[in-house]
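In the working numbering, the protein residues as written are 16 to 326.
Cβ coordinates follow ideal geometry from the N, Cα and C atoms, glycine included.
All figures in this text were calculated on a predicted structure; none of them were measured in a lab.
Scroll down for the structure; my scribbles are underneath it.
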C-alpha cells in the first residue's frame with residue numbers, strides 16, 4: 016500500500032481537497048511507519064498539512080498509529096512529560112527540577128524527547144541525573160528510530176512538521192495524565208481536541224518556555240486540556256510581580272546549585288515550583304491551582320529532607 020491515496024485527499028485542489036479522517040490519518044501514518052511510503056510522498060503529505068494546518072482528527076489518527084506501531088518498553092508512569100522543543104530561545108531546563116518535585120509527591124514521571132538547535136546550557140540530557148529516581152528520561156532515537164527520522168526531516172524541509180505535535184501526543188508509557196508545552200498558542204486547543212478523540216481524560220497544555228512545559232512565573236497563563244474528560248480553559252495568575260524574560264540571554268541558571276541551595280534565585284525557584292504546581296493540578300493531587308502552588312512550594316522547601324527518608 017502506498018501513501019499516494021492520502022496525499023491525493025489533502026492536495027488535489029482547493030475545491031476538492033479535504034482533511035483526513037481519524038481512520039485515514041491512522042492508515043497513512045501506518046504506511047509511513049512500516050517503511051512503505053516513498054520519501055517524496057512523505058514530504059508532500061507533511062508539507063501540505065504544514066501549509067494548510069492540521070486538524071484534530073489528523074493529529075489523533077497519526078498519534079494512534081504511533082501508539083499501535085510502538086513495540087518498545089517504557090517504565091509505567093503516572094505522568095507523561097514530553098520534551099520536544101527546539102530552537103535557541105530555550106534556556107536551562109528548569110522543568111526537570113519541577114518533574115523531580117512531582118516525583119516527591121509520589122508520582123512516577125516518564126519524560127521522553129529530542130531537542131535540536133539548542134542554546135548552550137539548554138540540554139535536557141546533560142541534566143537528567145538531576146531528575147531523581149522518580150523520573151525516567153528516554154531518548155526518542157531509542158524509543159522509536161522511525162519517529163526520530165521523521166522528526167529530523169525538519170533539517171531537510173527547513174520547517175517543522177506535525178510530527179513534532181504527534182510526538183508530544185504520543186505518551187509511550189500510556190500514563191493516565193499528560194502535560195504538554197507548545198510554542199504557538201493555537202496548538203493548545205488542537206492538541207486538547209485530538210486528545211479527546213483518543214479517549215484521554217486528563218491533560219494540561221500551556222504555552223511554555225521555548226515550547227516546553229515550563230511556566231513563566233511573572234505572567235498570567237492559560238491552561239488548556241482535559242479534566243475528567245471535559246475540556247478546560249483555565250487562567251493561572253502570575254506568581255511574581257516582575258517584568259522580564261523567562262530565560263535571559265547569557266544568564267544561565269546553575270540547576271545543580273539551585274537544587275542544593277548554593278544558588279539563590281527566586282525567579283528560577285518560582286519557575287520550578289510554578290511548573291510543578293501545574294503538573295500536580297493535572298494529576299489532581301489537590302483540587303485547586305492555589306492548593307497546587309502551595310503544595311509545590313512545600314515540596315521545594317522539604318526537597319532535601321524528602322530524599323534522606325528511608326525508601
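{"Item": "Burial state of residue 310 (16 or more Cβ within 10 Å)", "Value": "buried"}
{"Item": "C-alpha gap between residue 34 and residue 222, whole angstroms", "Value": "26 Å"}
{"Item": "Whole-Å CB distance - residue 97 paired with residue 128, under 8 Å assumed", "Value": "6 Å"}
{"Item": "Reduced DSSP secondary structure (H/G/I, E/B, other) of residue 219", "Value": "strand"}
{"Item": "Contacts around residue 233, its chain only, beta-carbon distance under 6 Å, and the 5 residues preceding and following it disregarded", "Value": "253, 255, 257"}
{"Item": "For residue 170, the three-state DSSP class (helix, strand or coil)", "Value": "helix"}
{"Item": "Those runs of the alpha helix (DSSP H) which lie wholly inside the segment 274-325 and span at least 4 residues", "Value": "281-297, 304-316, 318-321"}
{"Item": "Alpha-carbon to alpha-carbon, residue 115 and residue 319", "Value": "12 Å"}
{"Item": "Residue 125 and residue 190 closer than 8 Å at C-beta", "Value": "yes"}
{"Item": "Any 3 or more C-beta pairs closer than 8 Å across the segment 53-65 and the segment 195-209", "Value": "no"}
{"Item": "Identity of the residues DSSP links to residue 358 by a beta bridge", "Value": "The structure shown has nothing for residue 358, since the chain only spans 16 to 326."}
{"Item": "Complete runs of the alpha helix (DSSP H) confined to the segment 63-149 [at least 4 residues]", "Value": "71-84, 110-119"}
{"Item": "The segment 128-143 in contact with the segment 299-316 per 3-pair CB rule at 8 Å", "Value": "no"}
{"Item": "For residue 72 and residue 118, the rounded distance between their alpha carbons", "Value": "33 Å"}
{"Item": "Given residue 322 as reference, the closest of 44, 145, 193 once Cα atoms are compared", "Value": "145"}
{"Item": "Identity of the residue in 284, 207, 28, 177 nearest residue 109 by Cα", "Value": "284"}
{"Item": "N- and C-terminal bounds of the beta strand (DSSP E) containing residue 251", "Value": "245-251"}
{"Item": "Beta-bridge partners of residue 242, as assigned by DSSP", "Value": "245"}
{"Item": "Nearest neighbour of residue 83, chosen from 49, 241, 247 [CA to CA]", "Value": "49"}
{"Item": "Coil, strand or helix - residue 151 by DSSP", "Value": "strand"}
{"Item": "Rounded separation between residue 179 and residue 130 - CA only", "Value": "11 Å"}
{"Item": "Neighbour-count burial assignment, residue 231, 16 or more Cβ in a 10 Å radius", "Value": "buried"}
{"Item": "As assigned by DSSP and simplified to three states, the class of residue 37", "Value": "helix"}
{"Item": "Simplified DSSP assignment, three categories, for residue 268", "Value": "coil"}
{"Item": "Beta-carbon contacts of residue 158 that lie in its chain and below 8 Å, excluding the five residues immediately before and after", "Value": "85, 87, 89, 127, 187"}
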